[in-house]
Every structure is written in C-alpha cells, then in structure tokens.
Amino acid sequence: MTDQSIVRTLYESIGMGDAPPQAARVIVHHNRVLGTQLVPGFEVQVEEKPDGISAVVTVKEGVRIAQPVHMCFGMLPEKGLQRIELRIRMEQRSAATLLAHCTFPNAVDVTHAMDAEIVVEDGAEYSYLERHVHGPAGGVLVLPKARIRVGDDARFKTEFQLVQGRVGTIEVDYEAAVGQRSVLEMVARISGRGTDQIKISEAAHLCGEHARGVLTSYIAVRDEARCEVRNTLVACAPYARGHVDCKEIVQDNASAKAVPVVDVQHSKAHVTHEAAIGSVDTKQLETLMSRGLTEEEAVELIIQGLLT
Amino acid sequence: MSENGHLEIRNLSLCLDGRKILRDVSIDFWAGRVHALIGPNGAGKSTLASAIMGLAGYRDFEGDILLDGQSLKSQSVDERARRGMTLGWQEPARYEGLTVPAFVLAGAADKSPETVARVLHEVGLDPDRYLTRKVDKTLSGGERKRIELAAILAMEPRIVLMDEPDSGIDVEALERIFDAVKGLKQRGATVILITHSLTVLRHAEHAFLLCCGSLVDKGSIDRVAGYFENKCIPCDHHNAREVAPAGAGRP
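If you read the sequences in order, they're chains A and B.
Residue numbers for the first sequence follow numbering that gives the first Met the number 0, so the first one is 0 and each next one is one higher.
Residue numbers for the second sequence follow numbering that gives the first Met the number 0, so the first one is 0 and each next one is one higher.
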C-alpha cells in the first residue's frame, strides 16, 4: 500500500473521510510518520524507532490553539507492536485540545503501548481525548501509561473511550499531581464483551491549595468480560476538593470490581466517592420499557448513554 | 376488537412481602377521560399503578386487568406500552450520559428532531436550553418530571398513568402539566392521575378513593373530594403501618 492509501484507510476506519484540512495533525502508522501539519506555536519533533515513535510535542507560551489537534496512531496489519513515547509540554498560559484516534481495525495480535509524560505549566489548559477503534476480534493489548504534572491555575482533562470493536485487553495507568487552584478530570468510557479484560488505574494527587480533581469511570461488561477499576484520589492541601465516581454495568457472566481509594491528608480538604456496580437499574429499564422499548433496546440505550 | 383505551380492574388483590396491599379492587377507567386515583399515603395507589403497568414485583396478583376487554396479565411492560399504555413515575429515573432528545425520542411515535422541540415546548421547557442536557443529576427533580412528561407526550399514548404529577413541581410548572393533561384528553387519551392532592384531584373528571388497599368511594370530583377532605385528612390512622396482614377484613 502507498502511504496515501494507508492514511486513507486509517481515516476511514475512524469514520473520517480524510484528514481535517486546516487542523494541526500527526499521523503515525506503526513506526512511521505519514503526515504532519503544524500550526504556529505547536511544535512536534518525531523520531522513528524500530517498533514505534518517540515524539516531543510543545505548545508555546501563551499560544491558544482553537481547533483540536488531531493525532492518529494506527496499525493496519493483524499482528505487531506499536510503542508510542510522548513528551508533551504545555507552556505557560497555552491551551490546546488533542484528539487522538488509535485505530487497529484488523488486529488479531497487536500491542499498542503508550508512555506519556505530560507537563501542563501554570495557567495552561490541556485536553487529551483518546478514541480507540478496534477490530471485531479483540486482539489488541492496549497499555496507556501517563505521568502528568499540572502546575498552578491550570486545567487538565483526559478522556479515554473505546468507540468501536472489541477491547481485547486494556490496562490504563495514569497518575497526576495537581497544583494550586488547578482542575483535573479523568474520564474512562469502555464497553467490554467476550473475554475482554479491562484494568483501570488512575490516581491524582491534589497537592496545591484549592486544587480540584474528578476521576470518573463508566464501564459496561457483558459475556465473560472482566473489569477492575482502581481510582485513587489523594488530597494533601487545604481546600483541595475531589470526587471519585465509578459506574459499571454488569451483564451475563461478566464481572466488575471497583476499588476507590480516598486519601485525605489535610483537615481542610474534602474528597467524596461514589460507586454503582451491577445490573442495569430496574427503574431506568422499566421507564424505557414503558415507552415501548424492548428490554434489549432499553439496556442498549442505557449503556450507550453511559459510554458516549 | 376496538382499541379505545378502556381499562378495567377486576377484583384485584395483591400481596407484597406477605402483606395484603390491594384488596379486591374493581375500577373502570373509561376511555378518553381524566380520572383521579386519590388516597392517603400507603393507600395502595402506586402499587395499583405498578400492577397496571406490569412492573417487576407487581405481576403476581389475584383478579385481572383488561385493556379493551383483553387481559394484560401475560403481557410485559413493553408489550403493554406498545398497546399505548405508559406510566409517569413519581420520581423519574436519572440516566448518566443520556441526552434529553435521546430520552424523549426513545418511544416517540415520530422520531424527528421537531418532535423534541414541540413536546419540550408543551411542558414549558425552552428546547434551546435542553437539547444538549443529559437526563442526569444535573437536572432538578422538577425538570426531570417535565422531561418525562415530554417523553410521554412524544409517545402519543392512549392510556397514561401519572404518579403524583405535582411532586417536586412549582406552581407555574404544575399549570403546564395540567395543560398537558388537557392536551392528552383532547387527543382522546385516558388519563389516570394518582395523587393525594386535592389540587390535582380538581383536574380530573371522575375519581376513585383508595384507603388501606380498598376502594372506599368513587364518583364525581366534588363527592370524592368531600369524602377525602372530611374523612381521610382528619383520620388519624396511618395506612403504611396499619395495613392489615393478608386475610384480615376491610378497615
């Protein structure tokens, strides 16, 4: 396949006809960079490695990028390893949203490992929206790991979502330290089926005064799928506020476990947690059924809402 | 068989956890009319509504429920709904992530976006403010109640059970709900208002009074309101605690 046809196939797999014309973008297939488009203040240095790439992304001080930056990481072969090393620095008062599509539409035995270090400097705003597209076989091992430092008066948001195909195995490992008056939000939305395995470990340390953090997991598992969510929120500064929220819908022979850890180390901090795990709520179900939806249609709509 | 919306409750008795909640209740809800099912807390009103709708835990009872002459006993909630019957909950469910349009259109007869705007407008909600909202904890109880009513209007049902339509609703919003009830009647729907409020009762055409699981009075609004006001409100027995075990006589 030519590079052009690979790009087209990758974009088709994520439901986009072609790369967005104006937006900044980086397109990576396995260990090759097939396309980049930069905008002023958005710098990318990429090094191709034997089994992936290493990239340093910088958004320069005061630069606010209006359109989301699109990153596409993918592999079309059925088997292989893709290792992504990302070093992201949001300089002071900069702002950007990165929309990353990770697509493995034909995967039978593919490993996608991401190792990210993200620094959001004082006053900066950073959103990282990661959308996964997998094939129907579930043959993907996804290992996203990120270490995040959020400065003062900054905002950080990450959202992980499997939008299509089978999970395979996902092991999310994110950890963040949050400075004064900063806001952190981590959201995971995943639906597992078959023999999928989902492990989520997210931790945030609210180190600065008035720091705020929310860790949210919305998971649905069915068939024989397994899920374990460990969300940890540590509040060690005055007026730090946090919330851990985990909702998991379990059907068939699937199983789910949630371990919210709330660690408050200052008398003026406050952290709450909420977990609801189990079958679809009867009242939700019967409300939709009383509008004429079958039980299956009602369950599907409830899960769709939870995961979208 | 004609499909008018005539609902018959025939000698219905229902036990929950070994206690008799409904006792030999027989009621005719006539097609195209607005009925009130009134009674104090614990009288069995919501239990009767749940049995009529066929909700889980309320399907095992003596007697029968017939819609246009056909028994509903073997029919599931969704089968009843597809025959045109629906229920508005006292406290509507919340749904993480489900948008107002998705919720409203779930059972809509016409699934076009115009339907959402129309029914939201009918219940007094500005569509522009609600099209991107979720039916979750960010909505107040009153907002959820009105959005549920909007979903019911979109469904164009023939029989609507509304459990405590005034609970959590401010005065202005309540007027919109009563307007919607009028609209349902004008479209030929049978409406059953379940309430312990005389204000709600006054918006019905015919009433049934339940006490301790039994039908104790029925008839015009004035008649039943008088009975409720003079006998039920001053009554010092507490239904929830005083409902006698199965087999006991009427209070």
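Backbone N, C-alpha and C fix where the C-beta goes; we use that ideal spot for every residue, glycine too.
Here the structure is a predicted model, which is why all the values come from computation and not from measurement.
For a quick check, are the C-beta atoms of residue i and residue j less than 8 Å apart?
| i | j | result |
| --- | --- | --- |
| A/A257 | A/V228 | yes |
| A/G79 | B/R81 | no |
| A/D195 | A/G134 | no |
| B/F28 | B/I191 | yes |
| B/E148 | B/I176 | Just to set this straight, residue 148 of chain B is Leu in the shown sequence, not Glu. Yes. Within cutoff. |
| B/I62 | B/S12 | For clarity, residue 62 of chain B is Gly in the given sequence; the question names Ile instead. Their beta carbons are under 8 Å apart, which means B/G62 touches B/S12 by this criterion. |
| A/G277 | A/A224 | no |
| A/L305 | A/Y238 | no |
| A/A328 | A/V263 | Beyond the ends of chain A as shown, which are 0 and 307, falls residue 328 of chain A; an answer cannot be given. |
| A/T57 | A/R88 | yes |
| B/L124 | B/R145 | yes |
| A/F159 | A/A187 | yes |
| B/V103 | A/E285 | no |
| A/H131 | A/G73 | no |
| B/G31 | B/G182 | no |
| A/F155 | A/V162 | no |
| A/S200 | A/D172 | yes |
| B/L86 | B/D162 | yes |
| A/R146 | A/E116 | yes |
| B/G83 | B/R157 | yes |
Closest Cβ-Cβ distance between residue i and chain B: below 8 Å?
| i | result |
| --- | --- |
| A/Y217 | yes |
| A/R309 | The shown model of chain A, from 0 to 307, leaves out residue 309 of chain A, and the question about it has no answer. |
| A/E60 | no |
| A/R37 | It is Leu, not Arg, that sits at residue 37 of chain A in the sequence shown. For A/L37, the answer is no, since every Cβ of chain B falls outside 8 Å of its Cβ. |
| A/T307 | yes |
Using a beta-carbon distance below 8 Å, is residue i in contact with chain A?
| i | result |
| --- | --- |
| B/P244 | Note that B/P244 scores 41 on pLDDT, short of 50, meaning its location in the model is unreliable and no value can be drawn from it. |
| B/P91 | yes |
| B/R81 | yes |
| B/V76 | yes |
| B/L148 | no |
| B/T198 | no |
| B/M154 | yes |
| B/T131 | no |
| B/L86 | yes |
Count the other CB atoms, across all protein chains shown, that sit within 10 Å of the CB of residue i; report buried if there are 16 or more and exposed otherwise.
| i | result |
| --- | --- |
| B/L208 | buried |
| A/T157 | buried |
| B/H120 | exposed |
| A/C71 | buried |
| B/V118 | buried |
| A/D152 | buried |
| B/C231 | buried |
| B/S49 | buried |
| A/A297 | buried |
| A/M113 | buried |
| B/L36 | buried |
| A/L183 | buried |
| B/M52 | buried |
At what residues does the alpha helix (DSSP H) containing residue i begin and finish?
| i | result |
| --- | --- |
| B/L183 | 170-185 |
| B/V122 | Note, B/V122: premise wrong, no alpha helix (DSSP H); not H, not E. |
| A/K282 | 281-288 |
| B/F102 | 99-104 |
| B/D127 | 126-129 |
| A/I64 | Taken as a continuous stretch (DSSP letters only), A/I64 belongs to no alpha helix (DSSP H), as it is neither H nor E. |
| B/G140 | 140-154 |
| B/K72 | Premise fails: B/K72 is in no alpha helix (DSSP H) and is neither H nor E. |
Is there at least one non-hydrogen atom of the ligand FMN closer than 7 Å to the beta-carbon of residue i?
| i | result |
| --- | --- |
| A/R88 | The model depicted lacks the ligand FMN and carries no ligand whatsoever. |
Could you check where the beta strand (DSSP E) with residue i kicks off and where it finishes?
| i | result |
| --- | --- |
| A/I26 | 24-28 |
| A/M308 | Summary: the structure shown does not reach residue 308 of chain A, with chain A confined to residues 0 through 307, and so no result is reported for it. |
| A/Q303 | From DSSP, A/Q303 is part of no beta strand (DSSP E) but of the alpha helix (DSSP H) over 294-306. |
| B/S25 | 18-28 |
| A/G79 | 78-89 |
| B/V223 | That residue, B/V223, is in no beta strand (DSSP E); its alpha helix (DSSP H) goes 220-226. |
| A/S324 | Chain A is shown from 0 up to 307; residue 324 of chain A falls before or after that span and cannot be answered. |
| A/L37 | Unbroken run through A/L37: none, as it is neither H nor E. |
| B/T189 | 189-194 |
Legend entry - Residues in the segment 93-122 of chain B having any Cβ partner in chain A nearer than 9 Å: R93, Y94, E95, G96, L97, T98, A101, F102, A105, G106, A107
Legend entry - Near-chain B residues of the segment 236-264 of chain A (beta-carbon distance less than 7 Å), N- to C-terminal order: K246
Inset, instruction - Can you give me, in chain order, the residues of the segment 270-289 of chain A that have a beta carbon less than 8 Å from any beta carbon in chain B? - result: D280, T281, K282, Q283, E285, T286, L287, M288, S289
Inset, instruction - Identify each residue in the segment 291-305 of chain A for which the Cβ-Cβ distance to at least one residue of chain B is less than 9 Å, and report them in chain order. - result: G291, L292, T293, E294, E296, A297, L300, I301, Q303, G304, L305
Legend entry - Residues in the segment 30-61 of chain B having any Cβ partner in chain A nearer than 7 Å: M52, L54, A55
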